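Numbered according to numbering that gives the first Met the number 0, the sequence shown terminates at residue 334, and the numbering increases by one at each position without gaps. Cβ coordinates follow ideal geometry from the N, Cα and C atoms, glycine included. Just so we're clear, the structure is a prediction, and the values are computed from it rather than from any experiment. Scroll down for the structure; my scribbles are underneath it.
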Amino acid sequence: MVKTKTTTLGEFIIENQAAFKYSSGELSKLFNAIRLAAKVVNHEVNKAGLVDILGNAGETNIQGENQQKLDILANNIFIQTLRNREIVCGIASEEEDDFIPINSNNGENQNKYIVLIDPLDGSSNIDVNVSVGTIFSIYRRVTPVGKPVTLDDFLQAGREQVAAGYIVYGTSTMLVYTTGQGVNGFTLNPALGVFYLSHPNMEFPEDGKIYSVNEGNYAHFSYGIKEYIKYCQKEEGNRPYTSRYIGSLVSDFHRNMIKGGIYLYPKSSIASNGKLRLLYECNPMAFIAEQANGKASNGHRRILDIKPTELHERVPFICGSIKMVEKAEEFIHNS
Ligand code: P6P
0 MVKTKTTTLG EFIIENQAAF KYSSGELSKL FNAIRLAAKV VNHEVNKAGL
50 VDILGNAGET NIQGENQQKL DILANNIFIQ TLRNREIVCG IASEEEDDFI
100 PINSNNGENQ NKYIVLIDPL DGSSNIDVNV SVGTIFSIYR RVTPVGKPVT
150 LDDFLQAGRE QVAAGYIVYG TSTMLVYTTG QGVNGFTLNP ALGVFYLSHP
200 NMEFPEDGKI YSVNEGNYAH FSYGIKEYIK YCQKEEGNRP YTSRYIGSLV
250 SDFHRNMIKG GIYLYPKSSI ASNGKLRLLY ECNPMAFIAE QANGKASNGH
300 RRILDIKPTE LHERVPFICG SIKMVEKAEE FIHNS
């Protein structure tokens, strides 16, 4: 078989920046910064078992969760890399209580983009050597260029995103992203420190046989979600489905996009809005899902149409193969 040309992430960004409808030069610089930060975090994640930086840092973040040292490290790496390159005007992170305005040296910041990140999602998996990920979401600011950003710049509906992506630190490290022209996946060659295009035009299969949900919460789910889970388990047609739940959204999402499947983090009697964060987990993953012909809803509404009211607000999240998401919504609507 003739070997196809290998394309690096850098080459891909340049080759496709003309198709990007906004100022492509700045976005290319922004992706280069994310690419660099991803390689540094990948290095730290891969050596975590060797260096005594595991375990809790003794602090808790706004989520009330113990911050693992790698959480803090990944957060600082992404924030410093983005700040040093002077390519964004603001950053929000799961690990930061408030957003961070980025003012350039002379106080004037002409940059147009803001970035929201979950620097290390699934961090409870670190100590047990299970995959974790970084999630990022990029918008154009809505307030006047040159002035400090305000909360309004961050509380935009997900449909306004100009780009979104994730890095999955798994058996191999991959960067998957969209700028609204489909979804492409790049695998890191750690020996060279180069990401190569390995998964062009990624798409969710229309249907699937894998469901991902924390069934430990079953007793607390709504009647509709309980009925949907029983539907997945019933011996009928192409069911029962296979249950796969890694405890890392990026990993479950990535597997479902390749094989077909659905991920659910629904509301429950112990979590009235579920657990996942709208701005830097659900919106970027929903943008990627829709660009890959999948679907993402809160059970009733398209995730990307939800107007945020708070930086760290939670939403119920159902995402994956379009036919599976629609079936789950059917059970919710009929309950
Ligand atoms: P639970 C990780 O903390 C995360 O945000 C997602 O990556 C993951 O899918 C989910 O929470 C796991 O939460 O409550 O099932 O342990």
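### Message
With DSSP as the reference, identify every bridge partner of Gly132, one or two as the case may be.
### Response
As a first step, residue 132 is located in the sequence shown; it is residue number 133 there, counting from the start. Note: Gly132 sits in a beta bridge opposite Asp120, Val167.
### Query
Since Asp251 and Tyr244 are thought to touch, with beta carbons under 8 Å apart, how far apart are those beta carbons, to the nearest angstrom?
Along the sequence shown, read from residue 1 onward, the residue named residue 251 stands at position 252. Along the sequence shown, read from residue 1 onward, the residue named residue 244 stands at position 245. Contact holds; Cβ gap of about 7 Å.
### Query
Taking all protein chains shown into account, do 16 or more other C-beta atoms lie within 10 angstroms of the C-beta of Asp117, making it buried, or fewer, making it exposed?
Translated into positions along the sequence shown, residue 117 becomes position 118. Buried.
### Length of the line joining the Cα atoms of Asp97 and Leu310
Taking the sequence shown and counting its residues from 1, the one referred to as residue 97 is at position 98. Taking the sequence shown and counting its residues from 1, the one referred to as residue 310 is at position 311. About 8 Å.
### Query
Is the CB-CB distance between His219 and Ser271 below 7 Å?
Here residue 219 refers to the residue found at position 220 when the sequence shown is read from its first residue. Here residue 271 refers to the residue found at position 272 when the sequence shown is read from its first residue. Cβ atoms of His219 and Ser271: not closer than 7 Å.
### Query
When the Cα atoms are used, what is the spatial distance from Val114 to Val87?
Taking the sequence shown and counting its residues from 1, the one referred to as residue 114 is at position 115. Taking the sequence shown and counting its residues from 1, the one referred to as residue 87 is at position 88. Approximately 7 Å, taken between the alpha carbons.
#### Entry: For Ala163, the nearest candidate out of Gly181, Asn216, Pro143 (CA to CA)
The residue you call residue 163 lines up with position 164 of the sequence shown. Ranking the options by Cα distance to Ala163, first place goes to Gly181.
### Query
What is the residue span of the alpha helix (DSSP H) that Leu69 lies within?
Locating residue 69 in the sequence shown gives position 70, where the first residue counts as 1. Note, Leu69: alpha helix (DSSP H), 68-84.
### Query
Hey, out of Gly260, Ile78, Asn75, Gly121, whose CA is closest to Asp206's CA?
Working through the sequence shown from its first residue, we reach residue 206 at position 207. Of Gly260, Ile78, Asn75, Gly121, the residue nearest in Cα terms is Gly260.
### Query
Mind checking whether Phe194 and Leu8 have CB atoms under 7 Å apart?
In the sequence shown, counting from the first residue as 1, residue 194 sits at position 195. In the sequence shown, counting from the first residue as 1, residue 8 sits at position 9. Yes, the Cβ-Cβ distance between Phe194 and Leu8 is below 7 Å.
### Query
Anyone know if the C-beta pair for Ser334 and Tyr222 falls short of 7 Å?
Within the sequence shown, residue 334 is the residue found at index 335, counting from 1. Within the sequence shown, residue 222 is the residue found at index 223, counting from 1. Yes, they are a contact pair.
### Task
Please confirm whether Ala47 and Leu119 have their CB atoms less than 7 Å apart.
Residue numbering aside, residue 47 sits at position 48 when the sequence shown is read from its first letter. Residue numbering aside, residue 119 sits at position 120 when the sequence shown is read from its first letter. The answer is no: Cβ separation not under 7 Å.
#### Entry: Sequence-distant residues of its chain with Cβ nearer than 8 Å to Ser171 (five each side left out)
Numbered from 1 along the sequence shown, position 172 holds the residue referred to as residue 171. Once the five neighbours on either side are set aside, the close Cβ partners of Ser171 are Thr186, Leu187.
### Query
Can we say the stretch 227-235 touches the stretch 291-307, given the rule of at least three CB pairs closer than 8 Å?
no
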